[in-house]
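A.B. asks: Heads up, the sequence shown is in the UniProt record's numbering, so the first residue is 1 and it goes up one at a time. Even glycine gets a Cβ: it sits at the ideal position worked out from N, Cα and C. Shown below is the structure under consideration.
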Amino acid sequence: MTETTDPTTGTPVAKVRGALLRYRILAWITGLWLLLLVAELVLKYGFDVDALDFVPIVHGWVYFVYLIFTIDLAIKVRWPLGKIILTCIAGTIPFLSFWFEHVRTKEVKAQYGL
């Protein structure tokens with residue numbers, strides 16, 4: 001059985017598929033934790049409630065894993081540096097990770113026929 005590779009990048013399509021799935025999952029998890037972080041900040045500074053004080057730590061680690069998976073996908077599909085940086089920054093702005101996940105997934109699926 002032969003493994004299909006992309007002629008422009010030389011990357012096996014199966015590896016791109018796996019990297020894309022990991023990126024998509026972490027983009028959503030990062031976005032959800034970021035929204036929870038916004039809620040934590042509103043509670044903390046608006047209502048002086050420290051009930052969700054664990055959220056910044058968790059979001060930080062989730063964001064770190066998001067960066068790793070984003071760079072993994074970027075290397076496999078050979079994104080230019082600007083696209084990598086914008087996609088990485090998307091995990092720091094509420095709702096932007098969801099939109100970027102949609103756009104990047106659409107691009108990668110079109111490029112690799114997934």
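Does the count of Cβ pairs from the stretch 71–89 and the stretch 99–108 closer than 8 Å reach three?
C.D. replies: Output reads yes: the stretch 99–108 touches the stretch 71–89.
A.B. asks: With distances taken between CB atoms, is the gap from G46 to Y66 smaller than 8 Å?
C.D. replies: As a working mapping, residue 46 is identified with position 46 in the sequence shown. As a working mapping, residue 66 is identified with position 66 in the sequence shown. No, the pair does not count as a contact, with Cβ atoms beyond the cut-off.
A.B. asks: Rounded to whole angstroms, what is the Cα-Cα separation between K76 and R22?
C.D. replies: Counting from one through the sequence shown, the residue named residue 76 turns up at place 76. Counting from one through the sequence shown, the residue named residue 22 turns up at place 22. Near 13 Å, if we compare the C-alpha coordinates of R22 and K76.
A.B. asks: Could you tell me how far apart the beta carbons of A19 and F100 are, in whole angstroms, since I believe they sit closer than 8 Å?
C.D. replies: Here residue 19 refers to the residue found at position 19 of the sequence shown. Here residue 100 refers to the residue found at position 100 of the sequence shown. That belief does not hold up - the Cβ atoms of A19 and F100 are roughly 15 Å apart, past 8 Å.
A.B. asks: Which term fits G60, buried or exposed, when burial requires 16 or more other beta carbons within 10 angstroms of its beta carbon?
C.D. replies: In the sequence shown, residue 60 corresponds to position 60, counting from 1. G60 should be labelled exposed.
A.B. asks: Assign M1 to one of two classes, buried (16 or more other C-beta atoms within 10 Å of its C-beta) or exposed (fewer than that).
C.D. replies: Here residue 1 refers to the residue found at position 1 of the sequence shown. Unreliable placement is indicated for M1, whose pLDDT of 41 sits below 50; the coordinate value is still reported in the next sentence. Its Cβ having fewer than 16 others within 10 Å, M1 is exposed.
A.B. asks: Keeping to the same chain, check which residues put their C-beta closer than 8 Å to that of I71; ignore five residues upstream and five downstream.
C.D. replies: Counted from its first residue, the sequence shown places residue 71 at position 71. Counting only Cβ-Cβ distances below 8 Å, and skipping sequence neighbours, we find I84, C88.
A.B. asks: What residues match up with T5 in a beta bridge as DSSP calls it?
C.D. replies: Against the sequence shown, residue 5 aligns to sequence position 5. Answer by DSSP bridge pairing, in chain order: P12.
A.B. asks: Specify the secondary structure class of P56 as computed by DSSP and reduced to three states.
C.D. replies: Counting from 1 along the sequence shown, the entry for residue 56 is found at position 56. Helix.
A.B. asks: Reducing DSSP to helix, strand and coil, say where D72 ends up.
C.D. replies: Position 72 of the sequence shown holds residue 72. The answer is helix: DSSP assigns D72 an H, G or I state.
A.B. asks: For V108, which of F95, L73, F98 has the nearest alpha-carbon?
C.D. replies: Translated into positions along the sequence shown, residue 108 becomes position 108. The option with the nearest alpha carbon to V108 is L73.
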